[in-house]
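Undergrad: For reference, the structure I am asking about is given below.
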């Protein structure tokens, strides 16, 4: 099961497309009939933006659906109480203001006045209360229920006020309210959220509303005239479902889609090498939402020894991974937070690549090459382990680079890539692994209790590496109780410092999110702010002369 | 004959139950379930909520109990609801109390796959039969050799590779054909003729490419059948009678040479609903192959079982149909001279 068939096809097809592109040469279209896309035009409403995604959403009720395809669409249709601004600080979305009680247990949200759903019904605190009831309902079985089940009491003193009281102060609460999309009570009351037709025909409050959904082909959104946040510039958003990345790229080249996520090869090799693509495509690079790490099973020897973990950390050349796997389009990190945001500790720096020191540390831990075969031994046993990862091309390549560097210091590494569901149930849940290469999200809220707290080690929980450090436990508990951002920041800076020192995982890289957008789309911030280019997508516009002819009526 | 038919049909029932039991067990032996997919690996989603989902879908019960529940539903032809696609019905549409119709997954995917495969099969046959005849008539001549060469090139080229090259050449370098999808975005605003043209141009590549790559097998079949027949005594007799070559080939030889094709067509009936994951992925066609592949990856058991059950029922029906057609076409089989 070393290589999956679709992965193989994908890699082969990337090579082939590249070949095809270089072989066939530029197209025969004359440049004179295409407008100059790089010229600037004043902002004006109208036009259609066509994007593509690889999977179809299962439904558009995100508290149930949970996959990224679903939230990508539903984020255009629904609002939450709060949202993140361009610098990833919280601001009001449906609410005008929010207030935290002195004991930090009660949060009072004040809704903006005169909010309306797309069907003209008023949006009030009753809808918010309904949404909270729905997400915590046993029958909903929402994967995100746990944050909201901590709410002891939720009240609506008046149509514009929504109050939640927690058993004890819960700092991630604000982030959880930024993630919960508010649903209309008048359409969903008494319905089973798992079967309701609303999931495929939603009514929301945000900039866009769903016009049509052609199964397996596309979703069409148009401007919601009742949008609670004012009017978006672009009239219509069409998302086409194109499962194959190479086919998506061909559609982008043929000017049939405007927007597509790229891999590093397309971003830094293919597009820059083709003048006619450069002419019409603008490339954007933003901080990604996740990082890749190498995690040790801390219950297995010798990974219980911090010296061994540090030695391995020093023996791995992270820059090489970024250059080799991501073609340089990634960064080193030293804490599990987005660099440049409040939660990331600027004083920390990643472990350098220092094989000499790594060897010294391994010797200190008792590993020596007694039989001269190039592999270190301790108590007569060679230092050998297996890295397992899921079938993800980037992670597999990363593992190969690690294998080679660890061989240099005398550690024998094998690699195994496993299909996701088997990977999780057969290896992660059972704790039957030595070392994994996996990814975690760079969360917007700093709370990572579920990943690092020693109480979260049961099968199916997320501290599957078995990390247990009382100091970290205490910091994580404190961080959950402190709602003041500045005090909270100090706690998590300290947490990240201890984590780096302990090295229970090795931060390998955080790849950039890479996007190509047709130059007809204007008003996009470049370089991207911490929140990414999408934060002001309502202000993007497509000037009339640059619109597609065939779609203008 | 009727008794034979009834016996064959009744035999299909235990066979189907056996097939479904084995597929059910194999599917559940694979590690993981719907709660272990990649988006469920989210620290915000708790293990308790996953447990609740498992209970909701009866995944916490022993496999054999789950199979019993499934079989019980199947007796009323209820294929159940998909886990992964917001509880869409697996097979056929349902209407809720407010009159909202939810279409079934197979109901949506099957017509698309069936149409593409039927068109493909028609093209393949329309090309393979004449090519096979020519190759047999000019056996070892340059025509035969070039047909064989062409067929084997088509057979050896990976379909997805040819697809991508043609997509680039016909769709990007020249905008003669659409690259992917089934309809243009403005399909709804086209007139009837425009709709037909639009669908045809979208179907061109997905239909033609598999028929080229599938040409080799059937051409070879026709050619070999033809060669066999041409050496039979009755062909010699026909020629000795002084019939012209045209009548010898098309009236006497071809009918007998095509008999084995019936078996092939019968066996290809389940393939008609199968669909190809790779072609459907590349061309962004929401057909059966992609549906099945995604369902397996997501451990969406009702969908997997639904497709397997329908697939195996059709395989059995296809075999039966092939046997019947054979008996109908060949008097020797009918009269029990040769066993079919």
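Chains as they are written, first to last, in our numbering: chain P, 37 to 589; chain F, 4 to 343. Beta carbons: idealized from backbone N, C-alpha and C, even for Gly.
For residue 205 of chain F, which residues in chain P fall below 7 Å Cβ to Cβ?
TA: Going along chain P, no residue has its Cβ under 7 Å from residue 205 of chain F, so there is no contact; the nearest lies around 10 Å.
Undergrad: Helix, strand or coil for residue 466 of chain P per DSSP?
TA: Of the three classes helix, strand and coil, the one that applies to residue 466 of chain P here is coil, per DSSP.
Undergrad: Determine the direct distance from the alpha carbon of residue 286 of chain P to that of residue 62 of chain P, and round the result to whole angstroms.
TA: Only weak support is given to the placement of residue 62 of chain P: the predicted model assigns it a pLDDT of 42, under 50, and the question is left unresolved by the model.
Undergrad: Once the 5 residues before and after residue 273 of chain F are set aside, which same chain residues still bring their CB inside 7 Å of it?
TA: Closer than 7 Å at the Cβ level, and outside the excluded window around residue 273 of chain F, lie 314, 317, 318, 321.
Undergrad: Note down, one range per segment and in chain order, each alpha helix (DSSP H) of at least 4 residues found wholly within the region 180–220 of chain P.
TA: Here the runs fully enclosed are 181–185, 209–215.
Undergrad: Which bits of chain P does residue 53 of chain F rub up against, with CB to CB less than 8 Å?
TA: Result: 179, 496.
Undergrad: Which class does residue 509 of chain P belong to by DSSP, given the choice of helix, strand or coil?
TA: Three-state DSSP puts residue 509 of chain P in a helix.
Undergrad: Report, in whole angstroms, the separation of the C-beta atoms of residue 487 of chain P and residue 334 of chain P, which I expect to be a contact under 8 Å.
TA: At roughly 13 Å, the Cβ-Cβ gap does not stay under 8 Å, so residue 487 of chain P and residue 334 of chain P are not in contact.
Undergrad: Rounding to the nearest angstrom, what Cα-Cα distance links residue 143 of chain F and residue 124 of chain F in this structure?
TA: Approximately 27 Å between the Cα atoms of the pair.
Undergrad: If you follow the alpha helix (DSSP H) that residue 195 of chain F is part of, which residue opens it and which one closes it?
TA: Taken as a continuous stretch (DSSP letters only), the alpha helix (DSSP H) holding residue 195 of chain F covers 195–216.
Undergrad: Smallest Cα separation from residue 118 of chain P: which of P/143, P/259, P/531?
TA: The residue with the shortest Cα to Cα distance from residue 118 of chain P is P/143.
Undergrad: When the distance is taken between beta carbons, is residue 561 of chain P closer than 8 Å to residue 553 of chain P?
TA: Going by C-beta atoms, residue 553 of chain P is not nearer than 8 Å to residue 561 of chain P.
Undergrad: For residue 178 of chain F, tell me which candidate among P/534, P/289, P/132 has the shortest Cα-Cα distance.
TA: When each option's Cα is compared against that of residue 178 of chain F, the closest is P/289.
Undergrad: What's the gap between the Cα of residue 364 of chain P and the Cα of residue 121 of chain P?
TA: So the two alpha carbons sit approximately 28 Å from each other.
Undergrad: In the DSSP assignment, what residue or residues form a beta bridge with residue 249 of chain P?
TA: Answer is P/255, bridged to residue 249 of chain P.
Undergrad: Say whether chain P places a C-beta atom closer than 8 Å to the C-beta of residue 88 of chain F.
TA: Chain P contact via Cβ: present.
Undergrad: With a threshold of 8 Å between beta-carbons, can residue 66 of chain P be considered close to chain F, or not?
TA: Confidence in residue 66 of chain P is poor, its pLDDT being 42 and thus under 50, which makes the residue's placement too unreliable to answer from.
Undergrad: Whole angstroms are fine: how far does the CA of residue 173 of chain P sit from the CA of residue 254 of chain P?
TA: One C-alpha to the other measures close to 32 Å.
Undergrad: Please compile the residues from chain P whose C-beta is within a distance smaller than 7 Å of the C-beta of residue 302 of chain F.
TA: Going along chain P in sequence order, the residues near residue 302 of chain F (Cβ under 7 Å) are 457.
Undergrad: Mapping DSSP to helix, strand and coil, what is residue 177 of chain P?
TA: Coil.
Undergrad: Identify whether residue 243 of chain F lies in helix, strand or coil by the three-state DSSP scheme.
TA: Helix at residue 243 of chain F.
Undergrad: Measuring CA to CA, which of P/236, P/257, P/240, P/252 is closest to residue 28 of chain P?
TA: With chain P covering only 37 through 589, there is no way to say anything about residue 28 of chain P.
Undergrad: For residue 287 of chain P, return the contacting residues in chain F, with the cut-off set at a CB-CB distance below 7 Å.
TA: In chain order: 182, 183.
Undergrad: Exposed or buried, residue 303 of chain F, counting other C-beta atoms within 10 Å across all chains shown (16 or more means buried)?
TA: Counting Cβ neighbours within 10 Å, residue 303 of chain F comes out buried, since at least 16 surround it.
Undergrad: Can you confirm whether residue 17 of chain P, when its beta carbon is compared against all beta carbons of chain F, has any partner nearer than 8 Å?
TA: Here chain P has residues from 37 to 589 only, and residue 17 of chain P is not among them.
Undergrad: Which whole-angstrom value is the C-beta distance of residue 224 of chain F and residue 264 of chain F, which I expect to be below 8 Å?
TA: Right, their Cβ atoms sit about 7 Å apart.
Undergrad: With three or more C-beta pairs closer than 8 Å as the rule, is the region 131–142 of chain F touching the region 227–245 of chain F?
TA: Result yes; three or more Cβ-Cβ pairs closer than 8 Å.
Undergrad: Give me whichever residues DSSP pairs with residue 128 of chain P in a beta bridge.
TA: According to DSSP, which records beta bridges pairwise, residue 128 of chain P is partnered with P/118.
Undergrad: What is the DSSP secondary structure of residue 84 of chain P, counted as helix, strand or coil?
TA: In the structure shown, residue 84 of chain P sits in a strand (DSSP, three-state: E or B).
Undergrad: Can you tell me whether residue 196 of chain F is buried or exposed? The criterion is at least 16 other CB atoms within 10 Å of its CB, across all chains shown.
TA: Under this definition residue 196 of chain F is an exposed residue.
Undergrad: Kindly indicate if chain P contains any beta-carbon less than 8 Å away from that of residue 298 of chain F.
TA: So no, residue 298 of chain F is outside the interface.
Undergrad: Using only CA atoms, which one of P/517, P/506, P/477 lies nearest to residue 104 of chain P?
TA: Nearest of P/517, P/506, P/477 to residue 104 of chain P, Cα basis: P/477.
Undergrad: DSSP three-state call for residue 273 of chain F: helix, strand or coil?
TA: Reduced to three states, the DSSP call for residue 273 of chain F is helix.
Undergrad: Count the other C-beta atoms from every protein chain shown that fall within 10 angstroms of the C-beta of residue 249 of chain F, then say buried if there are 16 or more, exposed otherwise.
TA: Looking at its Cβ environment, which holds fewer than 16 other Cβ atoms inside 10 Å, residue 249 of chain F is exposed.
Undergrad: Quick one: measure Cβ to Cβ for residue 217 of chain P and residue 110 of chain P, integer angstroms, because I've assumed they're closer than 8 Å.
TA: Indeed they touch by this definition, with Cβ atoms about 6 Å apart.
Undergrad: What did DSSP end up calling residue 542 of chain P once you bin it into helix, strand or coil?
TA: Residue 542 of chain P falls in the strand class under three-state DSSP.
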